[in-house]
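Peer 1: Just so we're aligned, residue 1 is where the sequence shown starts under full-length UniProt numbering, counting upward by one.
From the three backbone atoms N, C-alpha and C, an ideal C-beta is built for every residue, glycine too.
Note that the coordinates shown come from a computational prediction; the quantities given were computed from them, not determined experimentally.
Input: one structure, supplied below.
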Amino acid sequence: MFFSPPFFFRIWVPYESNGQQLISQRRREQEEFQAVSEDSRAAKKVGLGKDVMDEVLKTHDAIQSSRSSHEMTSLGASAAATSVTGLSHEGAPRPKVFMVIGINTAFSSRKRRDSVRETWMPQGDKLVQLEREKGIVIRFMIGHSATSNSILDRAIDSEDAQHQDFLRLEHVEGYHELSAKTKIFFSTAVAKWDAEFYVKVDDDVHVNLGTLAATLARHRSKPRVYIGCMKSGPVLSQNSVSMFRSVKYHEPEYWKFGEGGNKYFRHATGQIYAISKDIATYISINQPLLHKYANEDVSLGSWLIGLEVEHIDDRNMCCGTPPDCEWKAQAGNVCVASFDWSCSGICKSVEKIKFVHERCGEGEGAVWSALF
């Protein structure tokens, strides 16, 4: 699928591989403007007509316009070319796949990862087969510690050598850095795989892969879709949080959302959501410009709220744990994902996810027989 030029190449991206180049360019522009001003003063002294000066200024404006257009195109060209040509930044072909699933995880979550591996995530040869035959890539996504080659990083290296199911990010892990991690995940995934969809899921959520694939496939003809359980929660200031001990985050920039008591714009809950290729590429190109709010899911919603993006509210992506997902499965409406709202994931997921998988799982063969 090729992108229409208006969507990507009219985006201003303030990125330069060499900062001095941008500074030098601005200096040249100032010198040119000064030269035009001096020409104007000189023209008045020698009595040149207004028509001549108008032509001088028009020429200067045309040069500036041409330069600005070239700057915007070239700055975005590298990242956009990755998507258009199907090549990575190194020039190697990116594998074409249906979807890339990034499972957000932390250094301390080894038991959660193992519980996911033992339930809904294929392992070893089956993981490779899933990529090759069905175009489904699944990776635990994690950054690195603040200290180079720390014991935490070495533990992940060892675990990855055993399972080969990690996507390592150029990101320093931190509890309040999820918005930055999300941006880096999408950028990294876009650079490695040419996927139709990119999915983010937490490591304490149960997922039915076949049902997820079938759900996304229904929207593959749409150029820009944002799929998840859409919500709009209250904007909480520091004072509000002090009254609710269960709330993890307050919004330091609460004033941007209007008067007290206002709600966030509609956005997908952070436990699981999917975005199509165009949107992931947009995030990759515009990383430096995308503002981070306190909540990662709010941040993603803010990046998309002003774009021509279709929001898909799919409640099958936020089923409750048994009996909720079990009743739906018995009725023939298998859930995409299940978790407990009260815990923002499956409560005590290490112990409980197997139970959820037994009661609400679609069956091991479902993803292999799914048509998409």
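How many Å lie between GLU326 and SER150 at the Cα?
Peer 2: If I take the Cα positions, the gap works out to 43 Å.
Peer 1: Taking the alpha carbon of ALA180 as the point to measure from, which residue in CYS318, ALA337, VAL97 and LEU300 has its own alpha carbon closest?
Peer 2: Minimum Cα distance to ALA180 is reached at LEU300.
Peer 1: Quick one: is ARG112 buried, meaning 16 or more other Cβ sit within 10 Å of its Cβ, or exposed?
Peer 2: Buried, because 16 or more other Cβ atoms sit within 10 Å of the Cβ of ARG112.
Peer 1: Comparing alpha-carbon positions, which option in LEU169, ASN262 and LYS192 lies nearest PRO95?
Peer 2: Per the Cα distances, LYS192.
Peer 1: Excluding sequence positions up to five away, which residues of its chain have a Cβ less than 6 Å from the Cβ of ALA370?
Peer 2: Cβ within range, chain order: GLY210, ALA213 and ALA214.
Peer 1: Which same chain residues end up closer than 6 Å to ILE312 when comparing Cβ atoms and leaving out the 5 residues on each side of it in sequence?
Peer 2: Around ILE312: VAL225 and ILE227.
Peer 1: I'd like the span of the beta strand (DSSP E) that includes VAL199, first residue to last.
Peer 2: Unbroken beta strand (DSSP E) run through VAL199: 194-202.
Peer 1: Would you kindly report the start and end of the unbroken beta strand (DSSP E) that includes GLY365?
Peer 2: First-last for GLY365: undefined, no H or E at that position.
Peer 1: Below 8 Å on the Cβ atoms is my guess for HIS206 versus ILE103; work out the distance and round it to an integer in Å.
Peer 2: Not a contact, Cβ separation roughly 12 Å.
Peer 1: Quick check for students: name the residue ranges of the alpha helix (DSSP H) that lie wholly in the stretch 268-325, counting only runs of 4 or more.
Peer 2: Qualifying alpha helix (DSSP H) stretches, in chain order: 277-285 and 296-304.
Peer 1: Candidates VAL336, ALA106 and ARG139: which alpha carbon is nearest GLY174's?
Peer 2: GLY174 has its Cα closest to that of ALA106, out of VAL336, ALA106 and ARG139.
Peer 1: Measure the CB-CB distance between VAL137 and VAL100 and report whether it falls below 7 Å.
Peer 2: In contact: VAL137 and VAL100 (Cβ atoms closer than 7 Å).
Peer 1: State the CB to CB distance for the pair ASP165 and SER349, rounded to an integer number of angstroms; the pair is presumed to be in contact (CB under 8 Å).
Peer 2: 18 Å between Cβ atoms; not a contact.
Peer 1: Between the Cα of LYS277 and those of GLY91, LYS222, ARG110 and CYS229, spot the shortest distance and give me the residue it belongs to.
Peer 2: Ranking GLY91, LYS222, ARG110 and CYS229 by Cα distance to LYS277 puts LYS222 first.
Peer 1: Curious, which full-length alpha helix (DSSP H) runs of at least 4 residues does the stretch 324-363 contain?
Peer 2: Counting whole runs of 4 or more residues, the stretch 324-363 contains the alpha helix (DSSP H) stretches 324-330 and 349-360.
Peer 1: When the Cα atoms are used, what is the spatial distance from PHE372 to GLN287?
Peer 2: Roughly 31 Å separates the two Cα atoms.
Peer 1: If you reduce the DSSP assignment to three classes, tell me which class VAL205 lands in.
Peer 2: Reduced to three states, the DSSP call for VAL205 is coil.
Peer 1: Across the stretch 318-334 and the stretch 301-310, are there enough close Cβ pairs to call them in contact, namely three or more that are closer than 8 Å?
Peer 2: The stretch 318-334, when compared against the stretch 301-310, does not touch it at the 8 Å Cβ threshold.
Peer 1: For LEU167, list the residues DSSP reports as bridge partners.
Peer 2: In the DSSP output, where bridge partners are listed per residue, LEU167 has MET141.
Peer 1: Per DSSP, ASN104 is paired with what?
Peer 2: Answer is MET141 and ASP202.
Peer 1: Quick check on the DSSP output: the alpha helix (DSSP H) that includes LYS126 runs from which residue to which?
Peer 2: Start and end: 125-129.
Peer 1: Give a yes or no on whether the C-beta atoms belonging to ILE184 and HIS176 are separated by under 7 Å.
Peer 2: No; because the gap between Cβ atoms is not below 7 Å, this pair is not in contact.
Peer 1: Who are ALA234's beta bridge partners in DSSP?
Peer 2: In the sequence as presented, Ala is not what sits at residue 234; that position holds Pro. Partner(s): LYS263.
Peer 1: With 16 other CB atoms within 10 Å as the buried threshold, where does GLU362 fall?
Peer 2: Its Cβ being crowded by 16 or more others within 10 Å, GLU362 is buried.
Peer 1: Bridge partners for TYR226 per DSSP, in chain order?
Peer 2: Note: TYR226 sits in a beta bridge opposite ILE275 and HIS311.
Peer 1: Note down, in chain order, each residue of its chain lying with its Cβ closer than 8 Å to the Cβ of ARG117, except the 5 sequence neighbours on either side.
Peer 2: Same-chain partners within the cutoff: GLN123, HIS163 and ASP165.
Peer 1: Excluding the 5 residues flanking VAL336 on each side, which residues of the same chain have their C-beta closer than 8 Å to its C-beta?
Peer 2: Excluding sequence neighbours, VAL336 sits near VAL207, ASN208, THR211, LEU212, THR215, ILE272, ASP314, ASN316, MET317 and CYS319.
Peer 1: Where do the N-terminal and C-terminal ends of the alpha helix (DSSP H) with SER115 fall, by residue?
Peer 2: It spans 110-117 - the alpha helix (DSSP H) in which SER115 sits, taken as one unbroken run.
Peer 1: Could you work out which residue in SER145, LYS231 and ALA280 is closest to ARG266 when comparing CA atoms only?
Peer 2: Closest by alpha carbon: LYS231.
Peer 1: Suppose the cutoff is 6 Å on Cβ atoms and the five residues either side in sequence are ignored; what does the same chain contact list for VAL190 look like?
Peer 2: Around VAL190: ALA280, THR281 and SER284.
Peer 1: According to DSSP, simplified to helix, strand and coil, what is PHE372?
Peer 2: Three-state result, PHE372: coil.
Peer 1: Candidates ARG154, CYS347, SER145 and LEU130: which alpha carbon is nearest VAL97's?
Peer 2: Of ARG154, CYS347, SER145 and LEU130, the residue nearest in Cα terms is LEU130.
Peer 1: Can you have a look at GLU296 and say buried or exposed, based on whether 16 or more other CB atoms are within 10 angstroms of its CB?
Peer 2: The residue is buried, with at least 16 neighbouring Cβ atoms inside 10 Å.
Peer 1: Here's the rule: buried if 16 or more other CB atoms are within 10 angstroms of the residue's CB, otherwise exposed. What is SER115?
Peer 2: Under this definition SER115 is a buried residue.
Peer 1: Would you kindly work out how many angstroms separate the C-alpha atoms of ASP125 and ASP160, rounded to a whole number?
Peer 2: So the two alpha carbons sit approximately 15 Å from each other.
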